[in-house]
Amino acid sequence: MPDKILVTRSSMPDFEEYAEEIRPIWESHWLTNMGVKHHQLEADLVDYLKVPQIALFVNGHSALECVLEAMGLKGKVITTPYTFASTTHAIVRKGLEPVFADIKPDDYTIDPASVERLIDEDTCAILPVHVYGNLCDVDAIQDIADRHGLKVIYDAAHAFGVWRGDDSSASFGDASMFSFHATKVFNTIEGGAVCFHDASLKTLLNEWKNFGITGPEDVEYVGGNAKMNEFCAAMGICNLRHLDREIAKRKLVAERYWERLDGARGVRLSLPKEGVTPNYAYLPVVFDDDFGASRDDVYDALAEQQVFSRKYFYPLTTDFACYRGRFDSSRTPVARYVASHVLTLPMYADLALEDVDRICDIVLSCARG
Ligand code: T4K
């Protein structure tokens, strides 16, 4: 039996490199609460992403909750149901009302026309997701937001290392949240960040993630604890050094998949758009009805051969048990279709091209019955 292949595998620096990076933490006994490594990683990331402001967090989800809170949003937030639980949960947990727009059939990001139809006087923000690292239609979304006076907060959990021309994915909207979870293109083990332009948000975010403490004897908000620790920051400092090489390796893997699968009947791939430099974060494939086998058949055939793909993102968040009876997924038919036909195939920098070939052979053999 071949070795298991999982949907992804964390990128890591050499052990010695990480050990060297954490040595000063050991020596100083300063482990967390915005220490030296935390500040260094912030500076490295501002430099890499070419954004004016960044705040680091313990994970992407807390980062998203914190920015919604710090912006003082109230009312309805237009978002997508085609995402990880975190996006919808953050809106709901912050006492906001999610309103679900449909997605586009080509890149699975939110459809601006659908967003515009849902705006009413209670709408305060748009929260789109650069799903799989596919950049949303950022210009159309900004245009809508400007015309209606709405904030735009991107869930850019998947989009670290994606560029449109010279603009990183962190440049768009009022703020962008990144996840630095172990499964992401760039990881800090667990971690996340918010990138933004308005400098006044920096103090607010730092206070919100530290219990709302505003001074030695002052606590002005009911904040939480969402600080990134020094060991995670050190992992980020190391991983950032190797990020370009890791993305280059992912590119070879993605291109092999596309070469093997593009043009097969009933197979829909998510190919990079003109002017965008992708990060190859995920390898989503939509198996349309004329493929000759269902998405679940492909999933099972792969699993039989020890290849574990994932149904990211099925079910839609609107269909989660915790939201039963609250939302109606029939209002987002494109999202519903894609969720029930999509599979994300294994994708990581060290995935061998021979394994990609084997995975593609299994996938294509499903169509032949
Ligand atoms: N918004 C969006 C759109 C997101 O996708 C996410 C997270 C968030 C917000 C929130 O960001 P964070 O708060 O997580 O920073 C995983 C990740 O845990 C999650 O971060 C990610 N999205 C989601 C799409 O995927 P699971 O439950 O599918 O992960 P799990 O444990 O099944 O791992 C998947 C595969 O990754 C494993 O089969 C092997 C590999 N793996 C996993 C871990 C934990 C590693 O190689 N190393 C590891 O340490 O959620």
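Heads up, the sequence shown is in our numbering, so the first residue is 9 and it goes up one at a time.
Don't be surprised by glycine CBs; every beta carbon is placed ideally from N, CA and C.
Note that the structure is a prediction, hence the values are computed from the model and not measured.
DSSP places Pro113 in the coil class of the three-state scheme, outside both helix and strand. Rounded to whole angstroms, the gap between the alpha carbons of Pro224 and Ala329 is 43 Å. Judged by DSSP secondary structure, Val44 falls within the alpha helix (DSSP H) whose first and last residues are 44–57. Apart from sequence neighbours up to five positions away, the residues of its chain that approach Met9 with a beta-carbon distance below 7 Å are Gln314, ordered along the chain.
At least one heavy atom of the ligand T4K is found less than 6 Å from the C-beta of Val137. About 5 Å separates the beta carbon of Ala78 from that of Leu213, a gap short enough to meet the 8 Å contact definition. Rounded to the nearest whole angstrom, the CA to CA distance from Val160 to Lys210 is 17 Å. With contacts defined by Cβ atoms closer than 7 Å, Ile152 and Val193 do not form a contacting pair. Membership of Gln61 in the beta strand (DSSP E) is indicated by the continuous run 61–65. Comparing alpha-carbon positions, the option among Ala201, Asp358, Glu215 lying closest to Ile255 turns out to be Asp358. Here Trp171 has Thr285 as same chain residues with Cβ atoms under 6 Å from its own Cβ, once five neighbours each way along the sequence are excluded. Contact check for Gln61 against Phe204 passes: the beta carbons are separated by less than 7 Å.
Thr191 places its beta carbon 7 Å or farther from that of Cys240. Counting every other CB atom within 10 Å of its CB across the protein chains shown gives Trp216 a total of 16 or more, marking it as buried. Beta bridge pairing from DSSP links Lys159 with Ala133.
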